[in-house]
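Per the numbering used here, residue 107 is the first one in the sequence shown, and the count goes up by one each step. Read through the structure below, which is laid out as structure tokens, and then see the notes.
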Amino acid sequence: MRRLHWSPWLIGGLLIIGLNCSGKGNEQPQHTASDIPADSLRRLLMETLTAQRHNALTRAVELCSPAVVGITVTDEREVVYRDPFSSWFFDDPIFRFFFGEPREYRHRYTIRNLGSGFIISPDGYVVTNQHVIGQTPRRITVTLVGGEHHEAELIGSDYTSDIALLKLRSNTRQSFPFVRLGNSDSVLVGEWVLAFGNPFGLFDINAKPTVTVGVVSNTGVSFQQEGRIYRGMIQTDAAISSGNSGGPLVNALGEVIGVNAAIISTAQSWQGAGSIGIGFAIPINRVKRILERLRRDGYIDRAIDIGLRLSDPERYEPASRERGALVVSVRRGSPADRAGLEPGDLITAIDGIAVQGSRDAELIFADSIVGERLRIQFLRGGRTLTTELTVGKRP
């Protein structure tokens with residue numbers, strides 16, 4: 107790509123042209139290029155370029171960086187194993203009678219998991235991914251910009267949505283920098299975004315987050331992975347690598363619109379997982395809903411009961427062009443029964459989200475919470491009806 111280089115002589119020439127073209131035709135120019143020192147022209151050029159370097163993205167970085175943190179989780183594991191040859195003999199009860207039970211060997215080891223997070227309140231609440239924290243972390247250390255370390259308490263986590271909420275412990279700080287949460291429903295495909303995080307533990311080395319830039323590649327992407335439900339995800343080509351999990355995805359206004367959670371990579375293991383331009387962030391509006399429950403209850407009750415069986419309409423009517431989830435059966439006395447749903451109803455939307463097939467509806471139901479109210483839109487006898495279903499608790 108060719109680049110244009112500006113020189114003081116060229117600027118001087120442009121100034122002469124500009125002066126000659128201004129004013130009345132019979133007036134003589136008052137200044138010439140020789141009247142403007144070359145140093146002044148260079149300074150003017152540098153000031154102009156410097157002003158252009160400061161744009162919406164750099165301002166968003168300045169605004170959000172202080173609230174991004176690196177997370178180190180320490181846990182201990184114990185492995186119990188036996189002599190592989192013992193099964194040849196100790197399966198014999200007579201051998202066990204004389205020699206006792208086979209000897210067990212126990213080995214304890216420490217593991218460290220690295221991730222990212224961001225502070226959402228001045229009193230030190232931190233959002234990250236559940237897979238960064240794990241099920242039973244022994245110690246959680248949070249590193250702030252500048253290298254300051256704090257222990258963190260796990261307030262609660264939700265495996266299904268892959269969200270965890272931490273609280274910083276500090277005897278010296280009364281207030282922490284925090285980010286502003288945006289509205290993920292207003293995200294535009296093609297708009298600029300910034301991914302902050304701690305790739306490969308670089309935060310601990312530099313005491314500040316890494317920033318990558320990209321655009322929103324897609325919205326509303328849904329998939330499942332290892333029992334987790336990633337619904338309505340924001341896809342981006344901003345580089346997200348191992349260690350970026352839990353970091354914020356930020357728009358050009360400096361608002362957090364998502365939590366970096368997953369990537370598609372050609373690596374065979376997570377240690378070598380690098381970006382190939384396909385990353386996904388959990389939309390912040392979904393995160394807000396989870397955080398509210400975690401902060402209040404410390405957990406998310408996912409032992410849900412809906413009480414219906416669904417299928418795709420074309421399975422029963424191959425020529426059908428209708429899109430939705432067909433209700434095949436409803437259990438008597440179930441939440442679906444109390445909501446008035448019947449076999450033959452075609453669910454077309456849940457909470458305003460279009461349902462194209464049974465998989466869409468099943469994902470939404472699986473992602474629901476006990477006690478949550480879902481607005482169901484469905485077709486019955488050619489009429490569009492709406493009902494409210496309150497998610498029950500599985501007995």
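All residues carry an ideal CB built from backbone N, CA and C; glycine is no exception. As the structure is a prediction and not an experimental result, all values here were calculated from the model.
Going by DSSP, what residue range makes up the alpha helix (DSSP H) through residue i?
{"i": "residue 441", "result": "441-444"}
{"i": "residue 165", "result": "162-170"}
{"i": "residue 467", "result": "464-472"}
{"i": "residue 398", "result": "390-403"}
{"i": "residue 238", "result": "236-239"}
In chain order, what residues of the same chain lie with their CB nearer than 6 angstroms to the CB of residue i, ignoring the 5 residues before and after it?
{"i": "residue 431", "result": "416, 453, 461, 464, 467"}
{"i": "residue 314", "result": "251"}
By alpha-carbon positions, which one of the options ends up nearest to residue i?
{"i": "residue 174", "options": "329, 361, 150", "result": "361"}
{"i": "residue 368", "options": "395, 163, 334, 240", "result": "334"}
{"i": "residue 80", "options": "387, 352, 269", "result": "The requested residue 80 is not part of the displayed model; the chain covers only 107 to 501."}
{"i": "residue 459", "options": "328, 426, 355", "result": "328"}
{"i": "residue 483", "options": "433, 319, 286, 499", "result": "433"}
{"i": "residue 170", "options": "248, 404, 283, 383", "result": "283"}
{"i": "residue 301", "options": "501, 354, 456, 246", "result": "354"}
{"i": "residue 341", "options": "350, 320, 332, 358", "result": "320"}
{"i": "residue 451", "options": "438, 471, 489, 287", "result": "489"}
{"i": "residue 325", "options": "318, 296, 331, 307", "result": "296"}
{"i": "residue 448", "options": "253, 485, 166, 424", "result": "485"}
{"i": "residue 383", "options": "344, 226, 401, 394", "result": "344"}
{"i": "residue 50", "options": "429, 155, 223, 307", "result": "The question about residue 50 has no answer, for the chain in this structure spans 107 to 501."}
{"i": "residue 166", "options": "318, 143, 473, 365", "result": "318"}
{"i": "residue 261", "options": "272, 255, 267, 254", "result": "272"}
{"i": "residue 392", "options": "473, 428, 347, 427", "result": "473"}
{"i": "residue 281", "options": "219, 231, 240, 157", "result": "231"}
{"i": "residue 239", "options": "330, 259, 357", "result": "259"}
{"i": "residue 236", "options": "265, 244, 364, 212", "result": "265"}
{"i": "residue 228", "options": "279, 151, 423", "result": "279"}
{"i": "residue 330", "options": "299, 168, 469", "result": "469"}
{"i": "residue 289", "options": "365, 276, 491", "result": "365"}
{"i": "residue 388", "options": "268, 298, 225", "result": "268"}
{"i": "residue 176", "options": "154, 254, 152", "result": "254"}
{"i": "residue 445", "options": "155, 494, 501, 408", "result": "494"}
Ends of the beta strand (DSSP E) at residue i?
{"i": "residue 357", "result": "354-357"}
{"i": "residue 431", "result": "431-436"}
{"i": "residue 496", "result": "489-496"}
{"i": "residue 367", "result": "361-369"}
{"i": "residue 270", "result": "269-274"}
{"i": "residue 245", "result": "245-249"}
{"i": "residue 454", "result": "452-456"}
{"i": "residue 258", "result": "255-264"}
Helix, strand or coil for residue i, going by three-state DSSP, please let me know.
{"i": "residue 151", "result": "helix"}
{"i": "residue 419", "result": "helix"}
{"i": "residue 501", "result": "coil"}
{"i": "residue 156", "result": "helix"}
{"i": "residue 145", "result": "helix"}
{"i": "residue 387", "result": "strand"}
{"i": "residue 483", "result": "strand"}
{"i": "residue 344", "result": "coil"}
{"i": "residue 127", "result": "Note that residue 127 scores 39 on pLDDT, short of 50, meaning its location in the model is unreliable; the coordinates nonetheless yield the value given after this. Coil at residue 127, not helix or strand."}
{"i": "residue 376", "result": "Here the model assigns residue 376 a pLDDT of 48, short of 50, so the residue's position is not dependable and the matter cannot be decided."}
{"i": "residue 409", "result": "coil"}
Whose C-beta lies closer than 8 angstroms to the C-beta of residue i among residues of the same chain, with five residues either side of it excluded?
{"i": "residue 294", "result": "322"}
{"i": "residue 498", "result": "410, 411, 412, 413, 440, 441, 476"}
{"i": "residue 217", "result": "180, 181, 182, 183"}
{"i": "residue 109", "result": "Low local confidence applies: a pLDDT of 38 at residue 109 is under 50, so the model's placement there is unreliable, and no value is given."}
{"i": "residue 401", "result": "231, 261, 262, 271"}
{"i": "residue 128", "result": "Any reading at residue 128 is ruled out, since the residue's pLDDT is 42, under 50, leaving its predicted position unreliable."}
Please return the same chain residues whose Cβ sits closer than 7 angstroms to the Cβ of residue i, not counting the five positions on each side in sequence.
{"i": "residue 436", "result": "413, 414, 442, 443, 447, 448, 449"}
{"i": "residue 405", "result": "262"}
{"i": "residue 455", "result": "461, 483"}
{"i": "residue 307", "result": "220, 349"}
{"i": "residue 274", "result": "230, 232, 248, 256, 258, 282"}
Problem set entry | Those runs of the beta strand (DSSP E) which lie wholly inside the segment 279-338 and span at least 3 residues | Listed in chain order, they are 298-303, 316-331.
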